[in-house]
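To start, the structure itself, in structure tokens.
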Amino acid sequence: MASRLRWEQTENGGMTERAKVAVLISGTGSNMAALLYASRLPDAPFEIVLVASNNPEAPGLKLAEAEGIRTFAHPHKGLKRAEFDALIDEQIRSAAADYVALAGYMRLLSAEFVGRWTERMLNIHPSLLPKYKGLEPHRRALEAGDAHAGCSVHLVTPEVDDGPVLGQVEVAVLPGDTAETLAARVLIAEHQLYPRVLAQFVSRHQDAGWIEQHVDRLASGLPEVRRKTSHGSPGWSVGSEKGAKLFAILADRHHGEEAVGLLVKASGADEMTGLIEAQPDIYYWPEYYGASGWLGLKLNRPDVDWDQVNEWLERSWRACAPARLTRLIRASDEF
Ligand code: GRF
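Numbering follows our numbering, with no gaps: position 103 of the sequence shown is 953.
The following block contains the structure:
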């Protein structure tokens, strides 16, 4: 898949990528405004490419327009849920957005729409999820006598306010608070939280810790794999404890290299040279490892093909696993 992210020249001459975000609102749009102004700070990793609404009267639309952001509004009345969502989806795609941020969007979403934006759609909810999903979270927090209310940003899944939580801020409940006074303070916290979490989320492909978790999930699915550090770098080995052989290493910007690279065993220098010449944005020669047969896959890119990474892990595992294990695998392949 080609990268859909735009590359921009920074002041210091470096290149940074900015993720394109579409924001969906139904009302005031203060969270949308928080995202928009955060996107205008130097080094913001995202830009707002569209503000869309199911309510043509939503005050947030005017603000977005005045700030030069493309807007789209269409009343949902008379349209089936999936039909309306398809209209919005069309707009989001024509604005070339990579992500969708729901910000006070008061429409339930169709399963089709949610499915199309899996892992790419975030929402903000004014409670400390999993508490008080749905309506009137502030009133419910007060009635429960909670000492703290708060807000959460989460990934959107088909169930309302249910996806994995990406970040939260607690807000103290004050004596005499009403749902309104509490909501106003929670909103201040929301405006801090949402831009921060969105920025982290769209930049996660640069985060060596996140990459390591991803690789670990794939590598530890292979037989007899254990973690093994190699010169301070995280690695994965195969075989019994004594004879365990490294088949993958994660090199985090080693010796000034730009890549957070996964090193795997290629068949030799010829294959490596061929791959690196043909696809230099994916493959590289890890200097530090010399001619030891380790091929580098660049993983700090927005469009990593994780199936391909998995194939390389399997291949490297096969090249390093003891015969008793590869025999088993070969037998099951033939089966
Ligand atoms: C916010 O409290 C948000 O968490 C909730 O709806 C409210 C929207 O406010 N989902 P605004 O339109 O962003 O000002």
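Each residue gets a CB set at the ideal place from its N, CA and C atoms; glycine is no exception.
Go ahead and label residue i buried or exposed: buried means 16 or more other beta carbons lie within 10 angstroms of its beta carbon, across all protein chains shown.
{"i": "Pro892", "result": "exposed"}
{"i": "Gly1071", "result": "exposed"}
{"i": "Asp1011", "result": "buried"}
{"i": "Gly954", "result": "buried"}
{"i": "Lys870", "result": "buried"}
{"i": "Asp939", "result": "buried"}
Is residue i helix, strand or coil when you go by DSSP?
{"i": "Leu985", "result": "coil"}
{"i": "Glu933", "result": "helix"}
{"i": "Gly918", "result": "coil"}
{"i": "Trp1162", "result": "helix"}
{"i": "Met882", "result": "helix"}
{"i": "Val1052", "result": "helix"}
{"i": "Glu1107", "result": "coil"}
{"i": "Leu1147", "result": "strand"}
{"i": "Tyr1138", "result": "helix"}
{"i": "Arg854", "result": "Because the pLDDT of Arg854 is 42, which lies under 50, any placement of that residue in the model is unreliable, and the question is left without a value."}
{"i": "Leu1175", "result": "helix"}
{"i": "Met1122", "result": "helix"}
{"i": "Val1154", "result": "coil"}
{"i": "Glu861", "result": "Any reading at Glu861 is ruled out, since the residue's pLDDT is 42, under 50, leaving its predicted position unreliable."}
{"i": "Ser1070", "result": "coil"}
{"i": "Ser1083", "result": "strand"}
Please look up how many angstroms separate the CB atoms of residue i and residue j, rounded, as I've assumed it's under 8 angstroms.
{"i": "Ser1083", "j": "Ile1099", "result": "5 angstroms"}
{"i": "Val1019", "j": "Leu1043", "result": "5 angstroms"}
{"i": "Ala932", "j": "Ser960", "result": "4 angstroms"}
{"i": "Ala1171", "j": "Val1088", "result": "5 angstroms"}
{"i": "Leu1016", "j": "Phe963", "result": "That belief does not hold up - the Cβ atoms of Leu1016 and Phe963 are roughly 20 angstroms apart, past 8 angstroms."}
{"i": "Ala947", "j": "Leu900", "result": "6 angstroms"}
{"i": "Ala997", "j": "Ser977", "result": "That belief does not hold up - the Cβ atoms of Ala997 and Ser977 are roughly 14 angstroms apart, past 8 angstroms."}
{"i": "Ser876", "j": "Ala916", "result": "Rounded, the Cβ-Cβ distance is 19 angstroms, inconsistent with contact."}
Determine, using beta carbons only, whether residue i and residue j come nearer to each other than 8 angstroms.
{"i": "Ala802", "j": "Trp1086", "result": "In this structure the chain extends from 851 to 1185, so residue 802 is not present and cannot be described."}
{"i": "Pro1239", "j": "Ala1101", "result": "Outside the displayed span of the chain (851 to 1185) sits residue 1239, for which this structure offers no information."}
{"i": "Leu958", "j": "Met971", "result": "no"}
{"i": "Tyr806", "j": "Leu1113", "result": "Since the first and last residues shown for the chain are 851 and 1185, residue 806 lies out of range."}
{"i": "Met1122", "j": "Leu1149", "result": "no"}
{"i": "His1041", "j": "Ser889", "result": "no"}
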